[in-house]
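Protein chains in written order, with the numbering used here: chain F, 141 to 368; chain D, 141 to 368; chain Z, 141 to 368; chain X, 141 to 368.
Here a beta-carbon is modelled for each residue, glycine too, at the ideal position from N, C-alpha and C.
Notes for the one structure printed next.
Number of protein chains: 4
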Amino acid sequence: MSVDHRSRNARIRRERMRARLIEAALFVSAEHGPDGASIDEVAGAAGVSRGSFYNYFFTLPELLQASSHELGVELIELVLAEIAPVTDPAERLARGFLLLIDAGRKYPLVARFAARMAAVALAPGSVAHAVLPPLLQAGMDAGRFVAMPLPEACDLTGAPVLASLARLALGEAVDSRIVVQGVLRVLGLPEPEAEALASLRVTLPPVADDRLLARTELVRQSREEGCA
Amino acid sequence: MSVDHRSRNARIRRERMRARLIEAALFVSAEHGPDGASIDEVAGAAGVSRGSFYNYFFTLPELLQASSHELGVELIELVLAEIAPVTDPAERLARGFLLLIDAGRKYPLVARFAARMAAVALAPGSVAHAVLPPLLQAGMDAGRFVAMPLPEACDLTGAPVLASLARLALGEAVDSRIVVQGVLRVLGLPEPEAEALASLRVTLPPVADDRLLARTELVRQSREEGCA
Amino acid sequence: MSVDHRSRNARIRRERMRARLIEAALFVSAEHGPDGASIDEVAGAAGVSRGSFYNYFFTLPELLQASSHELGVELIELVLAEIAPVTDPAERLARGFLLLIDAGRKYPLVARFAARMAAVALAPGSVAHAVLPPLLQAGMDAGRFVAMPLPEACDLTGAPVLASLARLALGEAVDSRIVVQGVLRVLGLPEPEAEALASLRVTLPPVADDRLLARTELVRQSREEGCA
Amino acid sequence: MSVDHRSRNARIRRERMRARLIEAALFVSAEHGPDGASIDEVAGAAGVSRGSFYNYFFTLPELLQASSHELGVELIELVLAEIAPVTDPAERLARGFLLLIDAGRKYPLVARFAARMAAVALAPGSVAHAVLPPLLQAGMDAGRFVAMPLPEACDLTGAPVLASLARLALGEAVDSRIVVQGVLRVLGLPEPEAEALASLRVTLPPVADDRLLARTELVRQSREEGCA
DNA sequence: GATGAATGAGGCTTCATTCAT
DNA sequence: CATGAATGAAGCCTCATTCAT
């Protein structure tokens, strides 16, 4: 029993430390890019010692990968939960992309991270790759999208959205309606419908305080206060 | 006269050395990415000493930038020359993108470079940014494309093509017909025309032996022979 | 307790490492001058790795400064302790200078260091600058020395002594009696008194084995043994 | 004949080039110290190529030595010429030192150079060492100065003057009357006479435009104009 | 586990020197 | 002779990694 208890405590502490490192890696790599980060800096940002890092990860890329994965999962889960009730594949895709660009707008770190980590984030095996193809396939199966090979379909739809996030990260304005309407058009939707779906109003649900997304906001706010 | 001769010789030699460095940078950054390159490695690949690098460039990013620029210019000039006789903006765009993807197929280094250097290659000020917007604008002005803001239009058309190059670089197959058809569709072309234009047969003209593009081929061939 | 113990041990080890670096810097800069020293050489002389240097100092000048300061403080403390009982300002100065030149004779490294580091050692903010002016001022206030501006007084008294140390460092003989008598003369002391004070017999007290001064001796001895 | 003529021309050109290098070395080492100079910088300041340097000197220290020597000779010749008519050794010394400090005031580069190059400038074999001892010896032989060993006499008189120049180089004020009076006092002159001699008014004669000293002035002036 | 000292490999940059033109 | 390109040795610094406490 006491052993159990102790080990449970230990496990919880481990989780928390891991989360702190992942969070720190997120900030640091959003700031300096994945290649600009150093173990020292990440550990410092997490408030732990250099040596501790090695108790949780073997290499820096491994942590960055975990960091990217974690954020991606949170983001995707948020979006998927939001579009879960929607049954029409076209509307699902439209809402999903609109929400994603909105997330980039609301959470600047997300946009910056997406821009910086595009190579990692889109690599096969990433969250994005797991989610987009099924959505597209479903639309084609339902006859809502014109049939086309999935890889090309991903390039035609996912890449513009990612590019939009990158532009957001640079501080430029992005009209998500235009982008999503184009994406739907490329999938063969009739123009009026593409326009209607791209004009849907979507809202990101609030996220729990302990999620990565919420933490990125906190950091942003504290910085603004710090500056003001 | 003799002064002239000497200085001309010197200038030519300088040019050649510079070209060697740029070429080497191309290979190295295509291999390891822009952040994986080191001055040592580039100099080594060029067959010159570490110190020589500093006689031609101040920093590595400067060389990479020059390298990216040089290749981009060659590529763009090649494509532009090929589509120069074409007057219809839609056909120009279709042929241009088809040629570009073809170039990625024919010159694997180009694809790899495009994939690795996306961030650099697409940054404002790059060759791509100078070429695509006017093409799109011309099409809209001519009423061939639906009107839409240029930035979003770039994201919707350029990003899929770049993504295709990236996929090529990974060794995957890419059906450029599908991609270009989609790009034309997103620009509002009627389906039959989009299909027709995307089905055009294009051929990259041969390039002079001293151009970067040709040199990338030579390297590839010599490597294959080396392996075989 | 255990924390205390660990951190105390750590602190002691840090101190020791720092001391080793300072000591090494002393030898190296006495040998090659402050501009001839390199981080590599100092670290090597201290028997530690290049990287360790950076765990203790930011720059080489910082270490040299620390080194100079440390030795200066030891030397000054030694001399000041010795002349503490003396009340007559003239005798204090005479004994102080005699002891200093004696130190240069007894500890060749001190002389060499003084010669090499004159620029650093005499810069405003150095130990020498903190000690000599008050001594001179006291003598003038007491009417023992003729009144004159302090800066010029420092030049007239301190510079000859430093020059003597430099000559010692070159292996030449120095008659400290002559030098000190001259210094007292320039301060206006009547000749017989100047001669009497300059003829005082002084002896440097022994120093603890862990002081820098003692360590310089050890090194000298070990080298002589090595040669013999 | 023509050979003679050509070789004479050549010799003159060589001399000029050598002079330019020496002058450049003077400026550069006065600016950054003897250890801060590089061949590149000196050659650049002289307006010649790196390679040319090696046609005139083997090493940088050799050039610096020549530079120091040249300036020292000019300065000494200037002072010696000025005090040539004076027969009293004490007055010769007084006037000489007064002129020297004046030179430091009038030609800041001289002061800075003296401060920076003290080690080189006072090394045995330097100009200073060739001039001061005979002056002192003459005074002792004539019974004007108290007898004392020459090395110590040099330290007691030369070092304060050099220290004064160093202080001038730092931008501090120096009362040469006080310094020279002290120097005479240390040599045993009766107080009234020391004061009288130290109060002599001396004036540096103008120097020809092609002398190093004059060139240092030109540089200073052009800089001031540049700033203004 | 957590810590941070110690290490040394690896990249960067400067600069003296050589040498072909 | 003058030039400046090429070289590589040598110093600087960062940082991933190991390890004793």
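Alpha carbon of residue i to alpha carbon of residue j, nearest angstrom
i                      : j                      : result
residue 243 of chain D : residue 254 of chain D : 11 Å
residue 141 of chain X : residue 153 of chain X : Only weak support exists for where residue 141 of chain X lies, its pLDDT of 46 falling under 50; the coordinates are left without a value.
residue 357 of chain F : residue 345 of chain F : 14 Å
residue 190 of chain Z : residue 161 of chain Z : 11 Å
residue 156 of chain F : residue 163 of chain F : 10 Å
residue 167 of chain F : residue 354 of chain F : 13 Å
residue 195 of chain D : residue 158 of chain D : 9 Å
residue 183 of chain F : residue 150 of chain Z : 21 Å
residue 311 of chain F : residue 352 of chain F : 22 Å
residue 193 of chain D : residue 186 of chain D : 10 Å
residue 245 of chain Z : residue 176 of chain Z : 24 Å
residue 293 of chain Z : residue 251 of chain X : 19 Å
residue 313 of chain F : residue 290 of chain D : 12 Å
residue 348 of chain D : residue 172 of chain Z : 58 Å
residue 249 of chain Z : residue 295 of chain X : 20 Å
residue 258 of chain D : residue 258 of chain Z : 57 Å
residue 247 of chain D : residue 221 of chain F : 43 Å
Where residue i falls: helix, strand or coil (DSSP)
i                      : result
residue 284 of chain Z : coil
residue 206 of chain X : helix
residue 341 of chain Z : coil
residue 350 of chain X : coil
residue 169 of chain F : helix
residue 299 of chain D : helix
residue 141 of chain F : Low confidence applies to residue 141 of chain F: its pLDDT is 46, below 50, so where it sits in the model is not reliable enough to give any reading.
residue 257 of chain D : coil
residue 227 of chain D : coil
residue 195 of chain F : coil
residue 177 of chain D : coil
residue 244 of chain D : helix
residue 330 of chain D : coil
residue 236 of chain D : helix
residue 217 of chain X : helix
residue 312 of chain D : coil
residue 289 of chain F : coil
residue 158 of chain F : helix
residue 147 of chain Z : helix
residue 304 of chain D : helix
residue 187 of chain F : coil
Neighbour-count burial assignment, residue i, 16 or more Cβ in a 10 Å radius
i                      : result
residue 147 of chain F : exposed
residue 180 of chain X : exposed
residue 343 of chain F : exposed
residue 256 of chain D : buried
residue 350 of chain X : exposed
residue 229 of chain Z : buried
residue 340 of chain D : exposed
residue 224 of chain F : exposed
residue 174 of chain D : buried
residue 309 of chain F : buried
residue 145 of chain F : exposed
Whole-angstrom C-beta distance between residue j and residue i, which should lie under 8 Å
i                      : j                      : result
residue 302 of chain Z : residue 299 of chain X : 7 Å
residue 316 of chain X : residue 241 of chain X : 4 Å
residue 239 of chain X : residue 267 of chain X : Between residue 267 of chain X and residue 239 of chain X the Cβ distance is about 15 Å, and since that is not below 8 Å, they are no contact.
residue 297 of chain F : residue 276 of chain F : 7 Å
residue 165 of chain X : residue 207 of chain X : 4 Å
residue 326 of chain D : residue 326 of chain F : 4 Å
residue 204 of chain X : residue 169 of chain X : 6 Å
The region 281-297 of chain D touching the region 200-207 of chain D, judged by at least three CB pairs closer than 8 Å: no
Contact between the region 231-245 of chain F and the region 311-322 of chain F: three or more CB pairs below 8 Å? yes
Would you say the region 202-218 of chain Z touches the region 207-220 of chain X, given that touching needs at least three Cβ pairs under 8 Å? In this structure the region 202-218 of chain Z does not lie against the region 207-220 of chain X, because fewer than three pairs of beta carbons, one per stretch, are closer than 8 Å.
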